[in-house]
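Numbering (this note's numbering), first residue to last: 1 to 52.
Glycine included, each C-beta is placed from N, C-alpha and C at the ideal position.
Remarks on the structure that follows.
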């Protein structure tokens with residue numbers, strides 16, 4: 001059982017992996033909020049144009 005946990009815990013001994021996780025969580029929270037704001041403001045086509 002500890003081997004399975006080590007597979008998931010071991011990478012977070014490196015500081016760059018911890019920073020990557022923090023940034024991923026921040027992006028994962030901010031993008032949906034920004035998307036809802038853009039759609040509610042009626043700027044959906046502007047977001048689509050910027051994506052392409």
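Collapsing the DSSP output to three states places residue 21 in a helix.
If you look at residue 5, you'll find it in the alpha helix (DSSP H) that goes 2-9. Residue 28 and residue 7 have their C-alpha atoms some 23 Å from each other.
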